[in-house]
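Asker: Our numbering applies: residue 12 is where the sequence shown begins, and numbers increase by one. The structure under discussion is supplied below as structure tokens; questions concerning it will follow.
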Amino acid sequence: MLINVATLIQEPVGHARRYHADGERVAVPDDGYVQEITGPIRLIRSERGVLVSASLDLEGVDLVCARCLEPFREPLHIEFDEEYVTRRDPLTGERWDADQDEFLIDSRWHLDLSEAVRQYEQSTLPIQPLCRPDCAGLCPTCGHNLNEGTCGCDASASTEPWSPLAGLAERLRMEESHGPSEA
Ligand SMILES: [Zn+2]
Ligand SMILES: [Zn+2]
């Protein structure tokens with residue numbers, strides 16, 4: 012999503028504009044990143060460019076449930092304040108340097124929210140996403156997705172969280188102790 016700030020950039024520091032994104036598309040093609048954003052965006056003329064304050068609902072992010080490992084898609088809300096800087100004085104045309112990691116207003120006085128949205132989406136992703144709050148997860152014994160019904164395993168076994176590993180360790184021990192005698 013490109014926002015034209017050609018007029019705002021000519022105005023004194025502190026002057027502001029309000030926008031409302033309504034399902035507008037942002038994209039970072041190099042990353043294959045696409046998203047749709049909805050929400051208010053405030054632009055304030057700053058010393059070096061334009062301060063962007065955004066409060067955005069993202070249409071959907073692809074997640075994998077931490078309990079049942081099924082992929083699912085869910086909306087996400089992000090908020091950010093970022094300064095987009097110019098590389099030249101809008102009045103005199105005098106050029107100055109900007110840091111590599113700063114968001115830039117391009118030479119035609121457009122600022123692009125796409126990369127900021129991508130970065131804030133990344134930093135807002137849930138650490139333990141759940142496909143639903145009461146996701147039943149996987150059976151620790153057989154790996155069956157318990158959201159799809161019970162599997163017939165002994166329910167008491169599932170109270171021991173490491174039982175699949177314990178079972179594997181036990182099998183390895185058996186193989187080790189039996190291996191040499193069979194060889
Ligand atoms: Zn789940
Ligand atoms: Zn099971």
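Cβ atoms here follow ideal geometry from the backbone N, Cα and C, with glycine treated the same way.
In three-state DSSP terms, what is Ser-57?
Answerer: Looking at Ser-57 - three-state DSSP - the assignment turns out to be coil, as it is neither helix nor strand.
Asker: Which residues in the same chain as Tyr-207 place their Cβ atom closer than 7 angstroms to its Cβ, once the five residues preceding and following it in sequence are excluded?
Answerer: A query on residue 207 cannot be resolved here, the shown segment of the chain reaching from 12 to 194 and no further.
Asker: Would you call the segment 54–63 and the segment 23–35 touching, i.e. three or more CB-CB distances under 8 angstroms?
Answerer: With the cut-off at 8 angstroms, the segment 54–63 and the segment 23–35 touch.
Asker: Hey, is the segment 88–95 in contact with the segment 142–162, meaning 3+ C-beta pairs nearer than 8 angstroms?
Answerer: Contact fails: fewer than three Cβ-Cβ distances are below 8 angstroms.
Asker: At a threshold of 7 angstroms, does Glu-159 count as lining ligand 1 (C-beta to nearest heavy atom)?
Answerer: Answer for Glu-159: no, Cβ out of range of ligand 1.
Asker: Less than 7 angstroms between C-beta atoms, sequence neighbours within five positions excluded: which residues of the same chain meet that for Cys-153?
Answerer: Answer for Cys-153: Cys-162, Cys-164, listed in chain order.
Asker: Which whole runs of the beta strand (DSSP E) in the segment 63–115 are 3 residues long or more, in chain order?
Answerer: The qualifying runs are 82–96.
Asker: Roughly how many angstroms lie between the CA atoms of Ala-77 and Glu-70, to the nearest whole one?
Answerer: Looking at the two C-alpha atoms, the distance is approximately 21 angstroms.
Asker: I need the straight-line Cα distance from Ser-134 to Phe-91, nearest angstrom please.
Answerer: C-alpha separation (whole angstroms): 11 angstroms.
Asker: By how many angstroms is the C-alpha of Glu-126 removed from the C-alpha of Asp-112?
Answerer: Roughly 11 angstroms between the two C-alpha positions.
Asker: Is Pro-140 helix, strand or coil by DSSP?
Answerer: Reduced to three states, the DSSP call for Pro-140 is coil.
Asker: Helix, strand or coil, according to DSSP, for His-161 in the structure here?
Answerer: Here residue 161 turns out to be Thr, not His, going by the sequence shown. Correct three-state label for Thr-161: coil.
Asker: Once the 5 residues before and after Glu-85 are set aside, which same chain residues still bring their CB inside 7 angstroms of it?
Answerer: Once the five neighbours on either side are set aside, the close Cβ partners of Glu-85 are Gly-71, Val-72, Leu-74.
Asker: Specify, as a first and last residue, the run of the alpha helix (DSSP H) that Glu-126 falls within.
Answerer: From DSSP, the alpha helix (DSSP H) with Glu-126 extends over 125–135.
Asker: Does the Cβ-Cβ distance between Ala-32 and Thr-18 come in under 8 angstroms?
Answerer: Not in contact: Ala-32 and Thr-18 (Cβ atoms no closer than 8 angstroms).
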